[in-house]
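S.K.: Quick note on numbering: my numbering labels position 91 of the sequence shown as 91, and the sequence is numbered without any gaps. Sharing a structure, written as structure tokens. Questions coming.
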Amino acid sequence: MTSSASAAPALIERWVRPIADWPQPGVTFRDVTPLLAQPDAFDAVIEAMADQVKALGPVDALLGVEARGFILAAPLALRLGIGFVPVRKAGKLPAECVSAEYALEYGT
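Structure, rendered in structure tokens:
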């Protein structure tokens, strides 16, 4: 385990802000923007995530689900030297795309 991996839980606890009952009662939104504002902490969390992905074995690409998934998966893919595939809602891209039906946890 790298020093980044061992430090990551404390950094997440410190810099990822829980917002209770948002966007609706009973949901706790995890706001990552404070983490993004701390370059050293953000770098350490990405490095710790990279260590975990590397432990899985060869990976060709990471999928990032709109929109918060883009924030973490893109720099993680870059760190790993692999591709990044953004997963978008229908109708957000002009070209032909692969699509799938899904249910939301909350929201519309």
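All C-beta atoms in this analysis are idealised placements derived from N, C-alpha and C, irrespective of residue type, glycine included. Owing to the predicted nature of the structure, the values given are computational and were not obtained by experimental measurement.
Report yes or no: do the region 41-51 and the region 74-81 share at least 3 C-beta pairs separated by less than 8 Å?
M.R.: yes
S.K.: Please list the segments of the alpha helix (DSSP H) lying wholly inside the region 40-98, counting only runs of 4 or more residues, in order along the chain.
M.R.: 68-80
S.K.: Have a look at the DSSP bridge pairing and note the partners of Asp-31.
M.R.: For the purposes of this step, residue 31 is identified with residue 31 of the sequence shown, where counting begins at 1. DSSP, once it has assigned bridges, lists Arg-17 as partnering Asp-31.
S.K.: Taking the Cβ atom as the reference point for each residue, do Tyr-102 and Pro-23 lie within a distance shorter than 9 Å?
M.R.: In the sequence shown, counting from the first residue as 1, residue 102 sits at position 102. In the sequence shown, counting from the first residue as 1, residue 23 sits at position 23. Contact flag unset, no.
S.K.: Going by DSSP in three states, Leu-36 sits in which element: helix, strand or coil?
M.R.: Residue 36 sits at position 36 when you count from the first residue of the sequence shown. Leu-36: helix per DSSP, three-state reduction.
S.K.: Using C-beta distances below 7 Å, list every residue in its chain close to Pro-18, excluding the 5 sequence neighbours before and after it, in chain order.
M.R.: As a working mapping, residue 18 is identified with position 18 in the sequence shown. Cβ neighbours of Pro-18 beyond the five flanking positions: Thr-28, Arg-30.
S.K.: Quick check: the Cα distance between Ser-6 and Pro-94, rounded to an integer number of angstroms?
M.R.: Position 6 of the sequence shown, counted from the start, is the residue given in the question as residue 6. Position 94 of the sequence shown, counted from the start, is the residue given in the question as residue 94. Approximately 42 Å between the Cα atoms of the pair.
S.K.: For Ala-90, which residues from the same chain have a beta carbon less than 7 Å from its beta carbon, with the 5 sequence-adjacent residues on both sides left out?
M.R.: Position 90 of the sequence shown, counted from the first residue, corresponds to residue 90. Hits under 7 Å: Ser-99.
S.K.: Measuring straight from C-alpha to C-alpha, what distance separates Gly-57 and Arg-79?
M.R.: Walking along the sequence shown from the start, residue 57 turns up at place 57. Walking along the sequence shown from the start, residue 79 turns up at place 79. Straight-line Cα distance between these residues: approximately 15 Å.
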